[in-house]
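Engineer: The sequence shown runs 7 to 350 under this note's numbering.
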Amino acid sequence: MTPETMTPEALTTDFGKTVVAWQRRHGRHTLPWQNTRDPYRVWLSEIMLQQTQVVTVLGYYERFLARWPQVTDLAAATLDEVLAQWAGLGYYSRARNLHACARAVAELHGGEFPRTAAELQTLPGIGRSTAAAIAAFCFAERVAILDGNVKRVLSRLLAFDGDLASSVAEKKLWNHATELLPEAGVDRYTQGLMDLGATVCTARSPDCPTCPVQPMCAGFATGEPMRWPIKTRKLKRGRRENWWLWLENEGQVLLQQRPASGVWAGLWTLPMFDDEASARAALPGATLETLPRIEHALTHFDWVLHTMRAEAADTMTPGGTWVARETLVNYALPAPLKKLIEES
Ligand code: SF4
């Protein structure tokens with residue numbers, strides 16, 4: 007049977023065995039969240055690794071565990087403390103869900119994570135793939151994951167022509183992922199798929215010559231594996247512009263907390279205005295120093311942030327909280343503001 011005609015059923019045995027054997031010899035084994043069956047650790051790493059590189063996550067993971075060694079410790083923390091510890095990692099809804107999930111585990115499950123993917127999926131911030139990863143790694147459940155990396159590997163392997171922008175096609179790929187599961191060793195297989203996606207079948211340069219599943223890869227057989235995965239919907243990016251007022255008074259900086267929903271929800275920023283005139287009107291007569299503008303890319307839009315800085319007396323400023331510069335590290339600041347403060 008040639009790769010072009012292979013079905014998930016025909017691939018199952020060979021594919022699963024090959025991935026497991028390859029993971030044993032060539033996969034990653036020394037990441038700090040590996041070699042454990044503790045669902046707290048696996049969950050924490052899975053949430054942090056969503057949309058984020060391993061190298062970025064390493065420090066955050068260690069700091070979270072040092073501060074909150076058990077899920078019940080995390081549940082007892084305030085959301086502000088969690089957001090402050092998360093600051094710089096981006097996609098802050100993950101931090102809010104992390105906190106809500108820890109609380110749910112502590113309050114609804116007696117401090118123990120549920121042991122099946124189906125139950126794990128009922129917790130805040132745990133989607134189908136994350137639930138499956140925790141269940142496979144910690145409880146040896148035979149269940150498929152399908153994160154971004156695995157979607158890419160399987161789409162190429164099967165030359166899967168469904169458009170992953172459509173939920174019908176995505177469901178079909180989930181079914182294929184389930185069909186491909188080996189009978190045993192699902193934890194190593196799951197790690198192997200993750201490792202293949204992260205180190206061999208990468209988005210921009212799949213290393214097909216060294217890939218263990220190349221002989222059975224339909225995408226490779228076409229000579230154009232980069233055609234997969236197919237996803238047509240293009241994200242329409244917007245652009246926003248805002249003005250920050252950086253006000254200092256005797257070594258203190260004025261901060262405002264963002265609303266509980268929307269971009270940077272719950273984080274602390276400098277007072278923010280929609281246009282320059284409004285920012286200036288908040289501090290009539292003050293001499294404002296204009297700092298270089300910041301361009302910050304978020305998922306859905308590019309954000310241009312202008313900063314104007316001034317010494318200001320408490321009585322003449324917009325509302326907020328005065329914070330001593332040396333204690334700013336205790337506040338959950340978005341990454342561009344953290345950088346701005348560090349460099350000034
Ligand atoms: Fe990806 Fe190439 Fe391996 Fe196919 S052969 S899974 S395209 S790296």
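We put the CB at the ideal spot given by N, CA and C, even for glycine.
1. Compare the beta carbon distance of residue 377 and residue 325 with 8 Å and say whether it is the shorter of the two.
2. Assign residue 170 to buried or exposed, taking buried as 16 or more other Cβ atoms, counted over all protein chains shown, within 10 Å of its Cβ.
3. If we count the other Cβ atoms within 10 Å of its Cβ and call it buried at 16 or more, is residue 114 buried or exposed?
4. In chain order, what residues have a CB nearer than 7 Å to some heavy atom of the ligand SF4?
5. Nearest to residue 136 by CA position, among 56, 173 and 159, is which residue?
6. Give me the DSSP bridge partner(s) of residue 308.
7. I believe residue 129 touches residue 111 by the beta-carbon criterion, under 8 Å. Please report the beta-carbon distance rounded to the nearest angstrom.
8. Rounded to whole angstroms, what is the Cα-Cα separation between residue 106 and residue 273?
9. Rounding to the nearest angstrom, what Cα-Cα distance links residue 184 and residue 75 in this structure?
10. How would you call residue 317, buried or exposed, if buried means at least 16 neighbouring beta carbons within 10 angstroms?
11. Going along the chain, which residues of its own chain have a beta-carbon closer than 6 Å to the beta-carbon of residue 202, five neighbours each way excluded?
12. In the DSSP output, what is residue 264 paired with across the bridge?
13. I need the boundaries of the alpha helix (DSSP H) containing residue 159, first residue and last residue.
14. Mind checking who residue 56 pairs with in its DSSP beta bridge?
15. Do you know how far the Cα of residue 100 is from the Cα of residue 119?
16. Return the Cβ separation of residue 146 and residue 192 in integer angstroms, given the expectation that the two are a contact with Cβ distance under 8 Å.
17. What does DSSP give as the partner residues of residue 258 in its beta bridges?
18. Using a Cβ-Cβ cut-off of 7 Å (strictly less than) and excluding sequence neighbours within five positions of residue 214, which residues of its own chain qualify?
19. I need the straight-line Cα distance from residue 262 to residue 268, nearest angstrom please.
20. How would you call residue 235, buried or exposed, if buried means at least 16 neighbouring beta carbons within 10 angstroms?
21. On the CB-based measure, 16 or more other CB atoms within 10 Å of its CB, does residue 59 come out buried or exposed?
22. Quickly, what does DSSP pair residue 295 with across the bridge? List them, please.
23. Would you call residue 182 buried or exposed, if buried means 16 or more other Cβ atoms sit within 10 Å of its Cβ?
24. Taking the C-alpha atoms as reference points, what is the distance between residue 344 and residue 32?
25. Per DSSP, what kind of secondary structure is residue 92 in: helix, strand or coil?
26. Measuring only the C-alpha atoms, how far is residue 87 from residue 102?
27. Please name the residue, chosen from 307, 346 and 306, that lies closest to residue 250 on a Cα-to-Cα basis.
28. If I'm right that residue 313 touches residue 297 with Cβ under 8 Å, what's the distance once you round it to whole angstroms?
29. Starting from the C-beta of residue 48, find all residues in its chain whose C-beta is less than 8 Å away, skip the five residues before and the five after it, and write them out in chain order.
30. So who's on the other strand from residue 278, going by DSSP bridges?
31. Whole angstroms is fine: what's the gap from residue 104's alpha carbon to residue 126's?
Structural biologist: On the basis of the data shown:
1. With the chain represented from 7 up to 350, any question about residue 377 goes unanswered, as that position is not in the structure.
2. Taking the sequence shown and counting its residues from 1, one reaches residue 170 at position 164. Per the 10 Å Cβ criterion, buried.
3. Translated into the one-based positions of the sequence shown, residue 114 becomes position 108. Classification for residue 114: exposed.
4. 159, 162, 163, 202, 206, 207, 212, 213, 214, 217, 219, 220, 223, 225, 226 and 231
5. The count along the sequence shown starts at 1 and reaches residue 136 at position 130. Selected option, being the one with the closest Cα: 56.
6. Residue mapping note: residue 308 aligns to position 302 of the sequence shown, counting from 1. Answer is 245 and 303.
7. Within the sequence shown, numbered from 1, the residue matching residue 129 stands at position 123. Within the sequence shown, numbered from 1, the residue matching residue 111 stands at position 105. The Cβ separation is near 7 Å, so the contact holds.
8. Translated into the one-based positions of the sequence shown, residue 106 becomes position 100. Translated into the one-based positions of the sequence shown, residue 273 becomes position 267. So the two alpha carbons sit approximately 16 Å from each other.
9. Translated into positions along the sequence shown, residue 184 becomes position 178. Translated into positions along the sequence shown, residue 75 becomes position 69. Taking the straight line joining both Cα atoms gives about 34 Å.
10. Position 311 of the sequence shown, counting from 1, holds the residue named residue 317. Residue 317 comes out exposed.
11. As a working note, residue 202 is residue 196 in the sequence shown. If we look at residue 202 and ignore the five residues flanking it on each side, its Cβ neighbours are 159.
12. Here residue 264 is taken as the residue at index 258 of the sequence shown, counted from 1. In DSSP, residue 264 forms no bridge with anything.
13. The sequence position of residue 159 within the sequence shown is 153, counting from 1. Here the alpha helix (DSSP H) through residue 159 covers 154 to 164.
14. For the purposes of this step, residue 56 is taken as residue 50 along the sequence shown, with counting starting at 1. Paired residue(s): none; residue 56 is not in a bridge.
15. Residue numbering aside, residue 119 sits at position 113 when the sequence shown is read from its first letter. Residue numbering aside, residue 100 sits at position 94 when the sequence shown is read from its first letter. Approximately 18 Å, taken between the alpha carbons.
16. Locating residue 146 in the sequence shown gives position 140, where the first residue counts as 1. Locating residue 192 in the sequence shown gives position 186, where the first residue counts as 1. Confirmed, Cβ separation roughly 7 Å.
17. Here residue 258 refers to the residue found at position 252 when the sequence shown is read from its first residue. 255 and 330, per the DSSP bridge assignment.
18. Sequence index remark: in the sequence shown, residue 214 carries index 208 (1-based). Around residue 214: 220, 226 and 231.
19. Taking the sequence shown and counting its residues from 1, the one referred to as residue 262 is at position 256. Taking the sequence shown and counting its residues from 1, the one referred to as residue 268 is at position 262. In a straight line, the C-alpha of residue 262 is about 15 Å away from that of residue 268.
20. In the sequence shown, residue 235 corresponds to position 229, counting from 1. Label assigned to residue 235: buried.
21. Here residue 59 corresponds to residue number 53 of the sequence shown, with the count starting at 1. Looking at its Cβ environment, which holds fewer than 16 other Cβ atoms inside 10 Å, residue 59 is exposed.
22. Position 289 of the sequence shown, counting from 1, holds the residue named residue 295. Looking at the DSSP assignment, residue 295 forms a beta bridge with 315.
23. Residue mapping note: residue 182 aligns to position 176 of the sequence shown, counting from 1. By the neighbour-count rule (16 or more Cβ atoms within 10 Å), residue 182 is buried.
24. As a position in the sequence shown, residue 344 is number 338, starting the count at 1. As a position in the sequence shown, residue 32 is number 26, starting the count at 1. Their backbone Cα atoms lie some 38 Å apart in a straight line.
25. Start at 1 with the first residue of the sequence shown, and residue 92 comes out as number 86. DSSP places residue 92 in helix when its eight states are reduced to three.
26. Counted from its first residue, the sequence shown places residue 87 at position 81. Counted from its first residue, the sequence shown places residue 102 at position 96. Looking at the two C-alpha atoms, the distance is approximately 11 Å.
27. Position 244 of the sequence shown, counted from the first residue, corresponds to residue 250. Closest option to residue 250, Cα to Cα, is 346.
28. Locating residue 313 in the sequence shown gives position 307, where the first residue counts as 1. Locating residue 297 in the sequence shown gives position 291, where the first residue counts as 1. Contact flag correct, Cβ pair sits at about 4 Å.
29. In the sequence shown, residue 48 corresponds to position 42, counting from 1. Excluding sequence neighbours, residue 48 sits near 39, 42, 139, 140, 143 and 144.
30. The sequence position of residue 278 within the sequence shown is 272, counting from 1. BP columns for residue 278 point to 250.
31. Against the sequence shown, residue 104 aligns to sequence position 98. Against the sequence shown, residue 126 aligns to sequence position 120. In a straight line, the C-alpha of residue 104 is about 13 Å away from that of residue 126.
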